[in-house]
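A quick write-up on the structure given underneath.
In the numbering used here, the protein residues as written are 1051 to 1150.
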């Protein structure tokens, strides 16, 4: 996957993802959608607190499964999936203390 846009800072990417998840939760029409979105929130918590924002193979596989669930359960999943693909591919500038 090639990108022509400059890399976003990780902190901005996480903020944009959190905003999109909040919007999706406010529009959620069933329990499955909520479970998938809260699973994503849990993934971010584990990535931050247990792995210090270091992307391991295990975490990326877990994110792949979450992205498939998001695609199949959310009505408008494209904005959120775009943000998650940037995280999944590592297309960001690390700017959070864990990297310093």
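In this text, a Cβ means the ideal position worked out from N, Cα and C, and glycines have one as well.
A straight line joining the alpha-carbon of residue 1085 with that of residue 1116 spans about 11 Å. In this structure, the straight-line span from the alpha carbon of residue 1138 to that of residue 1062 is close to 15 Å. Cβ neighbours of residue 1121 within its own chain (closer than 8 Å, five residues either side excluded): 1127, 1131. For residue 1059, the three-state secondary structure derived from DSSP is strand. Collapsing the DSSP output to three states places residue 1142 in a strand.
Within its own chain, the residues whose Cβ lies closer than 6 Å to the Cβ of residue 1060, once the five positions on either side in sequence are excluded, are 1142, 1144, 1145, 1146, listed in chain order.
Along the stretch 1060–1109, the alpha helix (DSSP H) occurs as fully enclosed runs of 4 or more residues at 1060–1077, 1081–1099, listed in sequence order.
Take the alpha-carbon of residue 1110 and the one of residue 1087: they are about 16 Å apart.
Take the alpha-carbon of residue 1077 and the one of residue 1107: they are about 32 Å apart. Spatial neighbours of residue 1119 in its own chain (CB-CB distance under 8 Å, excluding positions within 5 residues in sequence) are listed in chain order as 1086, 1089.
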